[in-house]
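Here the structure is laid out as structure tokens; the discussion comes afterwards.
Numbering (this note's numbering), first residue to last: 93 to 223.
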């Protein structure tokens, strides 16, 4: 087993988050294995990533602006670490800057596991009902 980080893993992470930011759900799904799971620090449960893809698309479409800012990617022996600030702005002007850390486990050229560390309270202004 090699413990050397692959330099192409951060490039895959970059493509993945570019696709999310662009609202390209088909591309997002194509960058992950069919059995990819996502885990969040706030509920500590594995969930099928395939169920999350439509939710990501709907979240993106609900916002007037969406971007990953201050993006930093580091290669890991089994994937990549992505650190960024999620910026979102609703049509009514409500916005948020949310720090996020994501560990991607990569098998071959596809993402097999996603571990996302985010404070859900930071996302609350973006998903709260509109007045």
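C-beta: ideal position from N, C-alpha, C; glycine also. Bear in mind the structure is a predicted one, so any value in this text is a computation, not a measurement.
For residue 93 and residue 157, what's the separation of their Cα atoms in angstroms?
Residue 93 sits at position 1 when you count from the first residue of the chain shown. Residue 157 sits at position 65 when you count from the first residue of the chain shown. Per-residue confidence for residue 93 stands at a pLDDT of 46, beneath the threshold of 50, marking its modelled position as unreliable; the derived number appears in the next sentence. Computed Cα separation, rounded: 43 angstroms.
Report back the beta-carbon spacing between residue 104 and residue 203 to the nearest angstrom; my notes put them in contact at under 8 angstroms.
In the chain shown, the residue the question calls residue 104 occupies position 12. In the chain shown, the residue the question calls residue 203 occupies position 111. With a beta-carbon spacing of about 7 angstroms, residue 104 and residue 203 fall inside the 8 angstroms limit used to define contacts.
Cα separation between residue 142 and residue 199?
Along the chain shown, one-based indexing puts residue 142 at 50. Along the chain shown, one-based indexing puts residue 199 at 107. Rounded to whole angstroms, residue 142 to residue 199 spans 17 angstroms at the Cα level.
On a Cα-Cα basis, can you pick out the residue from 183, 188, 197 that is closest to residue 213?
As a working note, residue 213 is residue 121 in the chain shown. Among 183, 188, 197, the Cα nearest to that of residue 213 is on 188.
Three or more C-beta pairs below 8 angstroms linking the stretch 158 to 175 and the stretch 101 to 116:
The stretch 158 to 175 is in contact with the stretch 101 to 116.
Is the beta carbon of residue 164 sitting closer than 8 angstroms to the one on residue 176?
Locating residue 164 in the chain shown gives position 72, where the first residue counts as 1. Locating residue 176 in the chain shown gives position 84, where the first residue counts as 1. It is a contact, given that the beta carbons lie within the stated cut-off.
Residue 36 bridges to which residues according to DSSP?
This structure cannot settle anything about residue 36, because the visible part of the chain is limited to 93 through 223.
Report the three-state DSSP secondary structure of residue 119 (helix, strand or coil).
Position 27 of the chain shown, counting from 1, holds the residue named residue 119. Here residue 119 sits in helix by DSSP.
Integer Cβ distance of residue 155 from residue 120, believed to fall under 8 angstroms
Residue mapping note: residue 155 aligns to position 63 of the chain shown, counting from 1. Residue mapping note: residue 120 aligns to position 28 of the chain shown, counting from 1. The distance from the Cβ of residue 155 to that of residue 120 is about 16 angstroms, inconsistent with a contact at the 8 angstroms cut-off.
Taking only the alpha-carbon atoms, compute the straight-line gap between residue 190 and residue 217 and give it to the nearest angstrom.
Translated into the one-based positions of the chain shown, residue 190 becomes position 98. Translated into the one-based positions of the chain shown, residue 217 becomes position 125. If I take the Cα positions, the gap works out to 10 angstroms.
Quick check on this structure: which residue in 215, 113, 210 has the alpha carbon closest to the alpha carbon of residue 132?
Within the chain shown, residue 132 is the residue found at index 40, counting from 1. Of the listed residues, the one whose Cα sits closest to residue 132 is 210.
Which listed residue (180, 159, 139) has its alpha carbon closest to that of residue 127
Numbered from its first residue, the chain shown carries residue 127 at position 35. Comparing Cα-Cα distances from residue 127 to each of 180, 159, 139, the minimum goes to 139.
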